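To start, the structure itself, in structure tokens.
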Amino acid sequence: MAQQSDTRANVLAIGAVAVLIACLGVLTVWRKEIPGEVVGVISTVAGIAGACLRDAFQFEFGSSRGSREKDALLAQRMDKDGPGPAA
765 MAQQSDTRAN VLAIGAVAVL IACLGVLTVW RKEIPGEVVG VISTVAGIAG ACLRDAFQFE
825 FGSSRGSREK DALLAQRMDK DGPGPAA
């Protein structure tokens, strides 16, 4: 089965990486100058971005990917063979 590009998923994953890097960069460079509350908010945003990346990896390499491939295979066979006998 040919690999298909999923632009939306790629943009979301790249966005999550960019947000995570930006948050970690801000915390690294300006940690002494920014108030503790802001550090907490930035850390929370970084955690959310990390969770988004985790979910993207789980979807891409986990059971959801297998389910997606199974659905594509079934759709391909339905197009080729036509619908089965009526129930």
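Numbering-wise, the sequence shown is residues 765 to 851 according to my numbering.
We put the beta carbon where it would ideally sit given N, CA and C, even for glycine.
Keep in mind it's a predicted model, so treat the numbers as computed, not measured.
Asked: Per DSSP, what kind of secondary structure is E824 in: helix, strand or coil?; Found: helix
Asked: Please list the terminal residues of the continuous alpha helix (DSSP H) segment that includes R772.; Found: 771 to 794
Asked: Between I812 and K844, what straight-line distance do the alpha-carbon atoms span, to the nearest angstrom?; Found: 43 angstroms
Asked: Between R841, L817, A836, which lies nearest to V781 when the distance is taken from Cα to Cα?; Found: L817
Asked: Find out if the Cβ-Cβ distance for the pair V793, I806 is shorter than 8 angstroms.; Found: no
Asked: From the DSSP output, in three-state form, read off D835 for me.; Found: helix
Asked: Whole-angstrom Cβ separation of V783 and V809, contact assumed at under 8 angstroms?; Found: 7 angstroms
Asked: Can you tell me the Cβ-Cβ gap for A777 and A820, rounded? I've got them flagged as a contact below 8 angstroms.; Found: 5 angstroms
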